[in-house]
Amino acid sequence: MLTKAPKGTKDVVPEESYKWQYIERTIRKVCDSYGYKEIRTPVFEHTELFERGMGDTTDVVQKEMYTFEDKGGRSITLRPEGTASAVRSYLENSLYAAPQPTKMYYIISCYRYENPQKGRLREFHQFGVEAFGSEKPSIDAEIISLAMTLLNNLGVKGLELNINSIGCPECRKEYNEKLMKYLEKHLDKLCITCKERYQKNPLRILDCKHEQCKEIGKNAPILLDNLCNSCKEHFDSLKNYLAHMNIDYNIDPFIVRGLDYYTRTVFEIISKDIGAQGTVCGGGRYDGLIEELGGSPTPGIGFGLGIERLLLTLEGQGIEIPQCEPIKVFIANIGEKAEIKAQSLVLALRKHGISAEKNHMDRSLKAQMKYADKLGVLYTMVLGEDEINTGKAKLKNMKTGEIVDIELDHLVETLKEL
RNA sequence: GUGGGUAUAGCUCAGUUGGUUAGAGCGCCAGAUUGUGGCUCUGGAGGUCAUCGGUUCGACUCCGAUUAUCCACCCCA
C-alpha cells in the first residue's frame with residue numbers, strides 16, 4: 001500500500017523522463033512558431049467551473065470528477081480538462097483586452113475517476129491549445145494544422161484526421177427534433193444503452209456498434225446535411241483551407257464529442273495501434289462557452305492531445321526518441337587522497353559546464369570502470385597518487401578505447417575541446 | 001458502474017498427476033595474480049510463491065473471498 005501509487009496513476013521514472021522532455025520540447029517549439037504562448041493555471045478549480053463549462057449532464061461531470069470540500073467549505077475539483085480553466089483565466093485576467101485572437105497552450109495533468117485501461121489513466125497528461133476571439137474558419141484550420149505539424153515533427157505516421165461540424169445551437173436543435181422524430185419509430189428496436197441515449201444524446205445512437213442500431217442509423221438524417229447556411233459556409237471554408245494546407249482529412253459525420261460546449265467544427269486524430277482508446281487528439285469550436293462562463297459572447301476553439309496516448313503511438317510505431325546528452329567524463333579514483341581530489345575536480349568541471357561524474361560507493365578501480373561504462377560516459381580519467389604528484393593523467397575514450405595523456409592543470413580546457 | 005484475464009526474485013517467465021532445500025535468463029555485487037569498462041568464465045546476494053480463509057497427513061499447485069494489475073464495455077485524452 002505504502003509503496004504503491006494510487007490506481008490509475010503512473011510514475012515517470014528517471015530512465016523514461018527523457019521521452020517526456022523530448023515531447024514537451026517539441027511541443028514548445030511548434031507552439032512558438034505558431035505564436036501560441038503558455039498559460040499555467042491551478043490544478044484545482046471551483047467545482048462549478050467544470051459543471052458549467054462541460055455541462056452537468058456529461059459523463060465527466062456526473063461520475064468522473066475528483067471533487068472534495070476544502071477546509072473553508074468550498075467545493076473544489078481537480079481539473080478533468082484544460083479548456084474551462086483557460087477560459088476562466090482569460091476572463092479573470094481580462095486577456096480579451098489584448099489584440100485578438102488570444103492564443104495559448106498548456107501542458108497539464110488532468111484527473112478523471114475512471115476504470116483504467118490501455119491509454120486511459122486517472123491522472124493523465126494533456127497538451128492543449130486554445131484560441132479565443134476569432135470565429136473565422138482560418139483559425140480552425142490553424143489549430144488543426146498545429147496538431148498535425150506537431151505529430152509530423154515527432155515522426156508519427158498514419159494517423160487519421162477526422163472532421164465534422166455539429167452546427168450551432170439553432171441548426172442542432174432543428175436537427176435533433178428531426179432525428180428524434182425518425183428514431184421514435186424504431187425506439188423499441190434500439191439496444192438498451194441507445195434507449196437511454198435517445199433522451200440524453202440521440203446523436204450518439206448513430207455511432208452505436210450494435211447491428212440493429214447501425215441498421216436503423218443508416219437511414220437516419222445526418223446533421224452535416226442539415227446545417228444552417230452560416231454553419232455550412234464555415235465548414236466548407238475550413239475544408240478549403242485544409243486542402244490548401246495539404247492536410248489530409250476524412251469527414252466523419254458521426255463524431256460526437258462528449259463535452260457539451262462544442263459547436264460547429266469538431267475533430268479527432270485517431271491512432272490505430274494503441275488499443276481501444278485510439279483518440280490521441282480531440283477538439284473543436286466552442287462559441288458559446290465563454291459567454292456561458294460569464295464573459296461577453298466570444299468564439300473559441302481548441303484541442304486536447306493526450307501525452308500518454310501520444311507516447312503509446314510513438315512506441316507502437318518504433319519511433320526512436322532522442323536520449324539526453326551523455327556525461328562527458330568520469331573520474332575514477334584510487335585511494336582516499338585521490339577521492340577527495342576527484343570530488344573537487346568534478347566540481348570544477350561542472351562549474352565550467354562540463355558534465356562530470358565520480359564514484360560514491362565502495363568500488364575497486366575495475367568496478368569504477370564498469371560503472372562508468374554503464375553510465376555511458378564519453379571519457380574516463382584515472383586519478384591516483386601518481387597523477388596527483390606528477391600532475392599528469394590518462395584519459396580514456398570509452399568508445400574507441402584510445403588513451404591520451406593530459407595535464408590536470410588543463411583538464412577543463414582539454415575536455416572543452418573534445 | 002459492468003465483464004474477462006493475470007498475480008512466483010529488481011525485470012521477463014518456468015515450476016511436471018498436490019510431496020519436503022522454489023528454478024532459469026537478464027539485472028545487481030564480487031573475483032579470474034593485486035592501476036583501466038565492454039566479451040567470456042566462476043561465485044554471491046535477493047522470494048512471507050499478492051493477502052486471508054478452506055480442503056488435505058501435506059498446498060506455489062485444488063476451492064472461496066479480498067486486494068492489486070492488465071484488457072474490454074461505457075465514455076474520453
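Using the working numbering, the first residue of the first sequence is number 1, and each one after it goes up by one.
Even glycine gets a Cβ: it sits at the ideal position worked out from N, Cα and C.
Buried or exposed for Ile307, going by 16 or more other Cβ atoms inside 10 Å?
buried
Among all the DSSP beta bridges, which residues are the ones paired with Gly306?
Looking at the DSSP assignment, Gly306 forms a beta bridge with Gln126.
Inspect the beta-carbon positions of Gly295 and Tyr90 and report whether they are closer than 9 Å.
yes
Suppose you measure from the CA of Asp248 to the CA of Asn240; what does that come to, to the nearest Å?
11 Å
Is the stretch 99–115 touching the stretch 272–280, taking contact as three or more C-beta pairs under 8 Å?
no
Out of Arg285, Asp273, Ala84 and Asn93, point me to the one whose CA is closest to Ile166's CA.
Arg285
Of the choices Cys171, Lys232, Val87 and Ile270, whose alpha-carbon is the least far from that of Arg40?
In terms of CA proximity to Arg40, Val87 leads the group Cys171, Lys232, Val87 and Ile270.
If we call anything under 9 Å between Cβ atoms a contact, is Gln323 one with Tyr36?
no
Beta-carbon separation of Ile406 and Met369 under 9 Å?
A distance of 9 Å or more separates the beta carbons of Ile406 and Met369.
Roughly how many angstroms lie between the CA atoms of Gln100 and Ile331, to the nearest whole one?
The alpha-carbon atoms of Gln100 and Ile331 are separated by roughly 56 Å.
Go ahead and pull the three-state DSSP assignment for Cys324.
coil
Which same chain residues, not among the five before or five after Asp70, have their C-beta less than 6 Å away from its C-beta?
Sequence-distant Cβ neighbours of Asp70 in its own chain, meaning closer than 6 Å and more than five residues away, are Ile76.
Report the partner residues of Cys208 according to the DSSP bridge assignment.
Answer is none; Cys208 lacks a bridge partner.
Mind checking whether Pro80 and Arg112 have CB atoms under 9 Å apart?
yes
CA-CA distance, Tyr175 and Glu135?
22 Å
I need the boundaries of the beta strand (DSSP E) containing Ser134, first residue and last residue.
Careful: Ser134 lies outside any beta strand (DSSP E) and carries neither H nor E.
Please specify which runs of the beta strand (DSSP E), each continuous and at least 3 residues long, are wholly inside the stretch 307–393, giving them in chain order.
Counting whole runs of 3 or more residues, the stretch 307–393 contains the beta strand (DSSP E) stretches 329–333, 356–358 and 379–383.
Determine whether the beta carbon atoms of Gly316 and Ile301 lie at a separation below 9 Å.
no
Specify the secondary structure class of Met65 as computed by DSSP and reduced to three states.
coil
Tell me whether Glu237 sits in a helix, a strand or coil according to DSSP, three-state version.
The question names Glu, yet the displayed sequence has Ser at residue 237. Helix at Ser237.
Determine the extent of the beta strand (DSSP E) in which Tyr105 is found, giving its start and end residues.
Thr102 to Tyr111
Taking the alpha-carbon positions, what's the Leu150 to Ile321 distance?
If I take the Cα positions, the gap works out to 14 Å.
How close, in whole Å, do the beta carbons of Lys189 and Ile163 come, if the pair is a contact with beta carbons under 8 Å?
With 8 Å as the limit, Lys189 and Ile163 do not qualify as a contact, their Cβ atoms being about 31 Å apart.
The beta strand (DSSP E) spanning Glu45 covers which residue range?
Phe44 to His46
Between Gly8 and Leu78, is the Cβ-Cβ spacing less than 9 Å?
The beta carbons of Gly8 and Leu78 sit no closer together than 9 Å.
Can you pull the DSSP bridge partners for Glu407?
According to DSSP, Glu407 bridges with Lys392.
Name, in chain order, the residues that DSSP records as bridge partners for Ser85.
Answer is none; Ser85 lacks a bridge partner.
To the nearest angstrom, how far is the alpha carbon of Gly119 from that of Val266?
Approximately 21 Å, taken between the alpha carbons.
Nearest-angstrom Cα distance between Pro299 and Phe132?
6 Å
Tell me the residue span of the alpha helix (DSSP H) that contains Leu183.
Pro169 to Glu184
Just the C-alpha distance for Glu177 and Asn115, rounded to the nearest angstrom, thanks.
Glu177 and Asn115 have their C-alpha atoms roughly 34 Å apart.
Give me the Cα-Cα distance between Gln212 and His186, rounded to the nearest whole angstrom.
Between the alpha carbons of Gln212 and His186 lies a distance of about 10 Å.
Keeping to the same chain, check which residues put their C-beta closer than 8 Å to that of Phe44; ignore five residues upstream and five downstream.
Around Phe44: Ile76, Thr77, Leu78 and Arg79.
Quick check on DSSP: helix, strand or coil for Ser94?
It is coil, neither helix nor strand.
Between Tyr262 and Glu292, is the Cβ-Cβ spacing less than 9 Å?
no
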